[in-house]
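Under the numbering used here, think of the first position of the sequence shown as 173, with each following residue one higher. Data first, discussion second: the structure below is written as structure tokens.
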Amino acid sequence: MIESIQQFDVELFLKIHRGLSNGFFDWLMPLMRNRFFWSPLYLFIVVFCIRQYKKQGYYIIGMLLFTFAMGDLIASRVVKPWVSRVRPCNDLSLANDIIHRVPCGSGLSFPSAHATNHFAIAVFLICIFYSRWKPILPIGLFWALIISFAQVYVGVHYPVDVTAGALLGITIGFICSKIFKKLQPDF
């Protein structure tokens, strides 16, 4: 069973990584996974929360940082060492199939911390702001999804890695939003 899932994962990885290869994605996808590219968005979220919600805005930012920290901690420090899956770009059996679009890094692959962190942030923000601004649902999910897809396209994660990271992130974001609402019932 696990071998057939791994085989499917590798085949799907190659269909995305090599099969969708084109000049536009080769330019766009490394940007989508680059934290510095998204810095203006992160800054906007901080400024928006503080200007719009004053003291509660600081609580939102604090809980958002906690959400990110929990996602990163659980994905990178708990699950990855336990599973110990090698990244596709470091897998010797795929050495001839990998297109090196970004540096591979020496970290482990499962789950994708990028997917975990961004889905956790997106779901937290969706749960907090959806009643005030409905477009945050598709925008937040698309944002986390494009970052996760980019991880597969550039060759640093398998599809199952980002799927598991997304599910983990969704869970963390949802739980953290519930904690926030318990601590800030007036929001």
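Using N, Cα and C, we set each Cβ at its ideal position, and we do this for glycine too.
#### Entry: Cβ-Cβ separation, Val295 to Gly234 (assumed contact under 8 Å), whole Å
That belief does not hold up - the Cβ atoms of Gly234 and Val295 are roughly 17 Å apart, past 8 Å.
### Straight-line gap, Trp199 to Arg273 (C-alpha atoms, nearest Å)
9 Å
### Query
Can you tell me whether Pro357 is buried or exposed, with buried defined as 16 or more other CB within 10 angstroms of its CB?
exposed
### Task
Sort Trp315, Ala316, Phe196, Ile298 by Cα distance to Ile361 and report the nearest one.
Given that the chain is displayed from residue 173 to residue 359, the structure contains no residue 361 and the question cannot be resolved.
### Query
Hey, would you say Ala287 sits closer than 7 Å to Ser320, going by beta carbons?
yes
### Task
Assign Val334 to one of three DSSP states: helix, strand, or coil.
helix
### Query
Hey, Gly337 and Pro283 are a contact pair by Cβ (cut 8 Å); roughly how many whole angstroms apart?
4 Å
### Query
When burial is assigned at 16 or more other CB atoms within 10 Å of the CB, is Trp315 buried or exposed?
buried
### Task
Out of Trp210, Met204, Cys221, Gly195, point me to the one whose CA is closest to Arg304's CA.
Cys221
### Query
Whole beta strand (DSSP E) runs in the region 207-291 with 3 or more residues, listed along the chain?
none
### Query
Among residues of its own chain, excluding the 5 on either side of Asp333, which ones have a beta-carbon nearer than 6 Å to its beta-carbon?
Ser281, Phe282, Pro283, Ser284
### Task
Please say whether Phe197 and Pro331 have beta carbons closer to each other than 7 Å?
no
### Query
Would DSSP call Leu317 helix, strand or coil?
helix
### Query
Can you round the beta-carbon distance between Met201 and Tyr325 to whole angstroms, since I take them to be within the 8 Å contact cut?
4 Å
### Message
Between the alpha carbons of Trp254 and Val218, how many angstroms are there, rounded?
### Response
34 Å
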